[in-house]
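S.K.: Mind having a look at this structure? Questions to follow.
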Amino acid sequence: MKSESAVLTRPSQGPDGSFLPTEPRTLAESKVSESMMEELICKFLMAKGEATIRAISDQIGMPYQITEEVITKLKSEQLLGYVDQSAMNGYLCKLTESGRNRGVVYSGFCSYFGAAPVDFDDYVASVKAQTINDQNPTEEDLKRAFSDLLIEPSMMVKLGPAVNSGKGMFLFGYPGNGKTSIAERITAAFGKYVWIPRAISMDRDIVRVFDPMSHEECPMEQGEGLLGNVSFDRRWVRIKRPTIVVGGELTMEHLEIQYNPQTGISEAPVQMKSNTGLLLIDDFGRQRMTVDELLNRWIVPLEKRYDYLNTSNGKKIQVPFDQLVVFSTNLEPKDLVDDAFLRRIPYKIEVPNPSVENFVKLFKIMCGVYKFEWRPELIQQLIKKHYLPTNRPLRNCHPRDLLLQVTNYCKYLKRPIELSEEALDFACENYFSIM
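Okay, structure coming up:
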């Protein structure tokens with residue numbers, strides 16, 4: 141199962157040439173076995189009790205006609221029967237005793253009864269068709285992605301080629317200067333939507349790829365799903381191009397397929413969930429796993445653009461490693477990793493402290509956000525009183541954080557929400573007490 145040979149056997153393009161998983165016309169075309177259909181239907185009816193053919197079709201994401209054919213066969217084998225017939229939704233199905241016994245056996249191996257899994261080769265082909273390496277975002281794309289951030293033109297020039305390359309990058313610098321904010325917005329410079337399967341079959345494992353905690357679903361609008369005479373495959377979900385963020389909680393287990401022996405269901409690792417998007421390793425160097433462990437695990441995937449994962453039975457399978465990997469750290473990259481790894485991360489970009497001019501601009505922007513009247517003389521006085529005497533460095537996060545303190549100060553004292561020297565002094569005394 142290698143990505144180089146993966147080819148979709150059905151039309152997979154929308155009218156604008158973008159990737160679109162089209163609805164299978166036959167069971168063979170879906171690459172879902174009849175036994176898998178039987179398992180999913182039996183397990184769903186065990187949990188639901190009874191359901192219409194339409195409801196079963198919606199649950200497993202398969203076309204109505206294909207689902208009906210399988211159900212007719214299961215009825216002939218006396219695994220289920222028709223309880224009632226609704227004029228609107230068709231027959232109401234219910235398992236027989238024999239069907240329930242078979243459902244118990246199926247559930248003992250794997251409790252999954254969601255959308256039928258997509259064939260692994262079709263998943264690999266979809267990643268290749270939606271790869272970020274073909275996007276080549278321009279200066280205008282980056283300006284749009286960073287429209288709500290204040291970024292120096294010199295920084296934009298550095299970020300542009302790094303994002304355009306689709307390769308890895310380091311964002312380093314002092315805390316509070318917006319490294320994470322920059323990284324989280326980079327994805328918006330690429331195409332807006334991608335399609336991912338809800339689950340895929342890898343060897344004999346069902347691996348869930350779609351994660352509602354990490355992916356933002358963007359359903360197709362009414363009429364958008366019918367492109368001529370072609371409908372999209374409901375086993376797939378359209379999402380915003382993914383941005384997966386992991387921090388200090390990252391462990392080696394998160395980089396491998398996580399098999400749950402109690403449910404028999406596997407979960408895709410973070411790098412797989414971030415395919416065709418961005419993977420942000422935040423606070424790099426402070427993970428629960430050591431830096432060396434992470435680097436040794438990814439040194440080859442970062443260069444070759446593919447990874448090897450083990451299924452539950454120990455089989456090793458090659459999978460795409462197709463995302464922009466961003467390492468964000470408060471530490472110097474050269475103090476964290478060796479030259480061999482730095483060579484594989486071609487872009488190292490420092491996020492510096494803001495200039496006084498930009499610091500004042502940030503205060504003006506945040507005053508608008510928090511509904512403060514803009515009083516530039518108070519901000520100039522703040523800098524002279526609380527920054528210059530102690531050579532306190534300016535940080536991009538300070539305007540937001542100090543204004544939040546002023547807001548809470550005014551609310552507590554039941555005063556109008558407004559800037560004052562007294563309120564700013566209070567905020568600075570609290571915020572910088574041990575800084």
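Counting in this note's numbering, the sequence shown runs from 141 upward without gaps. Heads up, the beta-carbon is just placed ideally off N, CA and C, and yes, glycines get one too. Bear in mind that the values here come from a model prediction, so they are computed numbers and not experimental data.
1) Round the Cβ separation of residue 219 and residue 197 to the nearest angstrom and send it over; I've been treating them as touching at under 8 Å.
2) Suppose contacts are defined by Cβ-Cβ distances below 8 Å. Is residue 319 in contact with residue 313 by that definition?
3) Here's the rule: buried if 16 or more other CB atoms are within 10 angstroms of the residue's CB, otherwise exposed. What is residue 291?
4) For residue 221, write down the residues that DSSP places opposite it in a beta bridge.
5) Taking residue 411 as the reference, give the member of 425, 464 and 269 with the closest Cα.
6) Given that a residue counts as buried once 16 or more other Cβ atoms are within 10 Å of its Cβ, and exposed if not, what is residue 336?
7) Work out the CA separation of residue 417 and residue 568 for me, nearest whole Å.
8) Determine the direct distance from the alpha carbon of residue 332 to that of residue 303, and round the result to whole angstroms.
9) Let me know the secondary structure DSSP gives residue 456 once reduced to three states.
10) Less than 8 Å between the C-beta atoms of residue 461 and residue 445, yes or no?
11) Helix, strand or coil for residue 184 per DSSP?
12) When the Cα of residue 194 is compared with those of 207, 555 and 450, which residue comes out closest?
13) Buried or exposed: residue 536, going by 16 or more other Cβ atoms within 10 Å of its Cβ?
14) Which whole runs of the beta strand (DSSP E) in the segment 337–420 are 3 residues long or more, in chain order?
15) Report back the beta-carbon spacing between residue 375 and residue 442 to the nearest angstrom; my notes put them in contact at under 8 Å.
16) Taking Cβ positions, are residue 329 and residue 282 nearer each other than 8 Å?
17) Can you tell me whether residue 478 is buried or exposed, with buried defined as 16 or more other CB within 10 angstroms of its CB?
18) Can you tell me which of the three DSSP states residue 145 falls into?
19) Report yes if the C-beta distance between residue 571 and residue 545 is below 8 Å; otherwise report no.
20) Counting pairs of beta carbons, one from the segment 247–256 and one from the segment 169–180, are three or more of them closer than 8 Å?
21) Classify residue 438: buried if its beta carbon has 16 or more other beta carbons within 10 angstroms, exposed otherwise.
22) Can you grab the Cα-Cα spacing for the pair residue 429 / residue 502, in whole Å?
23) Report the residue from 512, 470, 520 and 160 whose alpha carbon sits nearest the alpha carbon of residue 316.
24) Check whether the Cβ atoms of residue 436 and residue 397 lie closer than 8 Å to each other.
25) Given a cut-off of 8 Å on the beta-carbon distance, is the pair residue 415 and residue 267 in contact?
26) Pairs of beta-carbons, one from the segment 338–358 and one from the segment 452–460, closer than 8 Å: are there three or more?
27) Considering only their Cβ atoms, is the gap separating residue 518 from residue 564 smaller than 8 Å?
28) Tell me the DSSP bridge mates of residue 450?
29) Note the first and the last residue of the continuous alpha helix (DSSP H) segment covering residue 503.
30) Just to confirm the assignment, what range does the beta strand (DSSP E) spanning residue 524 have?
31) If you check the beta carbons only, do residue 347 and residue 251 fall under 8 Å apart?
32) Out of 179, 325, 359 and 272, state which residue places its alpha-carbon closest to the alpha-carbon of residue 242.
33) Give me, in chain order, the residues of the same chain whose beta-carbon lies closer than 8 Å to that of residue 166; leave out the 5 immediate sequence neighbours on both sides.
34) Please tell me whether residue 190 and residue 233 are closer than 8 Å, where the distance is taken between their beta carbons.
35) Could you tell me if residue 401 is buried or exposed, where buried requires 16 or more neighbouring beta carbons within 10 angstroms of its beta carbon?
M.R.: Once the coordinates are examined:
1) The count along the sequence shown starts at 1 and reaches residue 219 at position 79. The count along the sequence shown starts at 1 and reaches residue 197 at position 57. Going by Cβ atoms, the distance from residue 219 to residue 197 rounds to 17 Å, so no, they are not a contact pair.
2) Here the question's residue 319 lines up with position 179 in the sequence shown. Here the question's residue 313 lines up with position 173 in the sequence shown. Annotated as proximal: residue 319 and residue 313, with beta-carbon spacing under 8 Å.
3) Sequence index remark: in the sequence shown, residue 291 carries index 151 (1-based). When all chains shown are included, residue 291 counts as buried.
4) The residue labelled residue 221 in the question sits at position 81 within the sequence shown. BP columns for residue 221 point to 234.
5) Here residue 411 refers to the residue found at position 271 of the sequence shown. Closest option to residue 411, Cα to Cα, is 464.
6) Counting from one through the sequence shown, the residue named residue 336 turns up at place 196. Its Cβ being crowded by 16 or more others within 10 Å, residue 336 is buried.
7) On the sequence shown, residue 568 is found 428 positions in, with the first residue counted as 1. On the sequence shown, residue 417 is found 277 positions in, with the first residue counted as 1. Going from the Cα of residue 568 to the Cα of residue 417 covers about 39 Å.
8) By 1-based counting over the sequence shown, the position of residue 303 is 163. By 1-based counting over the sequence shown, the position of residue 332 is 192. Straight through space, the alpha carbons of residue 332 and residue 303 are spaced by roughly 15 Å.
9) For the purposes of this step, residue 456 is taken as residue 316 along the sequence shown, with counting starting at 1. Annotated three-state conformation of residue 456 is strand, per DSSP.
10) In the sequence shown, counting from the first residue as 1, residue 461 sits at position 321. In the sequence shown, counting from the first residue as 1, residue 445 sits at position 305. Closer than 8 Å, so yes.
11) If you number the sequence shown from 1, residue 184 lands on position 44. Note: residue 184 maps to helix in three-state DSSP.
12) Residue mapping note: residue 194 aligns to position 54 of the sequence shown, counting from 1. When only C-alpha atoms are compared, the closest one is 207.
13) Along the sequence shown, one-based indexing puts residue 536 at 396. Looking at its Cβ environment, which holds 16 or more other Cβ atoms inside 10 Å, residue 536 is buried.
14) The segment 337–420 contains these whole beta strand (DSSP E) runs: 339–342, 345–348, 376–380, 383–386, 398–400 and 405–407.
15) For the purposes of this step, residue 375 is taken as residue 235 along the sequence shown, with counting starting at 1. For the purposes of this step, residue 442 is taken as residue 302 along the sequence shown, with counting starting at 1. Taking C-beta atoms under 8 Å as the contact rule, residue 375 and residue 442 fail to qualify, at a distance of about 31 Å.
16) Residue numbering aside, residue 329 sits at position 189 when the sequence shown is read from its first letter. Residue numbering aside, residue 282 sits at position 142 when the sequence shown is read from its first letter. Contact: yes.
17) Numbered from 1 along the sequence shown, position 338 holds the residue referred to as residue 478. Burial state of residue 478 is exposed, judged by a 10 Å Cβ sphere holding fewer than 16 other Cβ atoms.
18) Here residue 145 corresponds to residue number 5 of the sequence shown, with the count starting at 1. Bear in mind that a pLDDT of 40 at residue 145, under 50, signals an unreliable position, so the number given afterwards is only what the model happens to contain. For residue 145, the secondary structure class from DSSP, reduced to helix, strand or coil, is helix.
19) By 1-based counting over the sequence shown, the position of residue 571 is 431. By 1-based counting over the sequence shown, the position of residue 545 is 405. A contact, by the Cβ cut-off of 8 Å.
20) Yes: at least three Cβ pairs fall under 8 Å.
21) As a working mapping, residue 438 is identified with position 298 in the sequence shown. Residue 438 is buried by the Cβ-count criterion.
22) Counting from 1 along the sequence shown, the entry for residue 429 is found at position 289. Counting from 1 along the sequence shown, the entry for residue 502 is found at position 362. Between residue 429 and residue 502, the alpha-carbon positions lie close to 36 Å from each other.
23) Your numbering for residue 316 matches position 176 in the sequence shown. Residue 316 has its Cα closest to that of 470, out of 512, 470, 520 and 160.
24) Residue mapping note: residue 436 aligns to position 296 of the sequence shown, counting from 1. Residue mapping note: residue 397 aligns to position 257 of the sequence shown, counting from 1. Cβ atoms of residue 436 and residue 397: not closer than 8 Å.
25) One-based indexing of the sequence shown puts residue 415 at position 275. One-based indexing of the sequence shown puts residue 267 at position 127. Taking 8 Å as the cut-off, the Cβ atoms of residue 415 and residue 267 count as close.
26) Yes, they touch.
27) On the sequence shown, position 424 is the one that residue 564 refers to. On the sequence shown, position 378 is the one that residue 518 refers to. With a cutoff of 8 Å on beta-carbon distance, residue 564 and residue 518 are scored as near each other.
28) Taking the sequence shown and counting its residues from 1, one reaches residue 450 at position 310. Note: residue 450 sits in a beta bridge opposite 456.
29) Translated into positions along the sequence shown, residue 503 becomes position 363. That run of the alpha helix (DSSP H) goes 496–509.
30) Translated into positions along the sequence shown, residue 524 becomes position 384. Run containing residue 524: none in the beta strand (DSSP E); it sits in the alpha helix (DSSP H), 516–526.
31) Here residue 347 refers to the residue found at position 207 of the sequence shown. Here residue 251 refers to the residue found at position 111 of the sequence shown. A distance of 8 Å or more separates the beta carbons of residue 347 and residue 251.
32) The sequence position of residue 242 within the sequence shown is 102, counting from 1. Closest by alpha carbon: 179.
33) Here residue 166 corresponds to residue number 26 of the sequence shown, with the count starting at 1. Taking C-beta separations shorter than 8 Å and ignoring five residues to either side along the sequence, the partners of residue 166 in its chain run 206, following chain order.
34) By 1-based counting over the sequence shown, the position of residue 190 is 50. By 1-based counting over the sequence shown, the position of residue 233 is 93. The Cβ atoms of residue 190 and residue 233 sit closer than 8 Å to each other.
35) The count along the sequence shown starts at 1 and reaches residue 401 at position 261. By the Cβ neighbour-count rule, residue 401 is exposed, with fewer than 16 other Cβ atoms within 10 Å of its own.
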